[in-house]
């Protein structure tokens with residue numbers, strides 16, 4: 001298409017497996033038949049369906065970080081004991097699992113609402129909750145997993161640092177988690193979305 005160009009691929013801290021590049025539309029004519037009706041509203045409604053997917057990515061990321069952390073602490077020793085024998089380590093693992101299960105159930109609920117064709121007014125706050133809670137959980141769990149790895153957690157030798165970098169991206173895409181909190185609280189207060 002004349003005037004349409006794809007910009008340079010961005011070098012991101014996380015989500016490197018999903019390429020991002022700017023799209024440029026310079027003097028591009030779009031016929032009326034090919035334009036999105038209701039532009040902003042259509043995009044916001046699309047976010048209602050896609051935010052649970054970001055939540056699902058967060059749950060998967062958190063679970064992967066847990067799986068790596070459990071394997072790591074079971075295989076490591078410190079002060080003559082297996083690292084997993086330390087109570088503080090076990091408590092961290094338990095918290096990581098509880099938070100991930102809570103996020104998983106919120107994502108399931110919001111996905112079920114998408115499948116059931118819930119109205120935008122019903123779905124928007126639930127999708128926002130799923131995206132926000134699951135991506136915040138992913139960040140916390142990934143941070144704790146890096147901590148459990150100790151110095152190895154910041155080494156390129158172990159993939160756990162990728163979980164940490166990717167979790168940060170999830171808190172930002174599809175609307176930052178601060179925006180999600182606005183959507184949730186506006187719904188609670190009976191305020192129209194802005």
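In the numbering used here, the protein residues as written are 1 to 194.
From the three backbone atoms N, C-alpha and C, an ideal C-beta is built for every residue, glycine too.
When Cβ pairs closer than 8 Å are counted between the two stretches, the region 129 to 142 is seen to touch the region 34 to 54, the count reaching three or more.
Looking at 106, 18, 1, the one whose alpha-carbon comes closest to that of residue 169 is 18. For the set 69, 63, 105, 124, the Cα lying nearest the Cα of residue 84 is the one of 69.
Secondary structure at residue 148: helix, using DSSP grouped into helix, strand and coil.
Scanning 72, 14, 179 for the CA closest to the CA of residue 90 turns up 72. For residue 86, no alpha helix (DSSP H) segment is defined, and its DSSP state is neither H nor E. In this structure, DSSP gives residue 124 a helical state, which the three-state scheme calls helix. Sequence-distant partners of residue 25 (beyond 5 residues in either direction) whose C-beta falls short of 8 Å from its own C-beta, in its chain, are 3, 4.
Taken atom to atom, the span from the alpha-carbon of residue 103 to that of residue 137 is near 7 Å.
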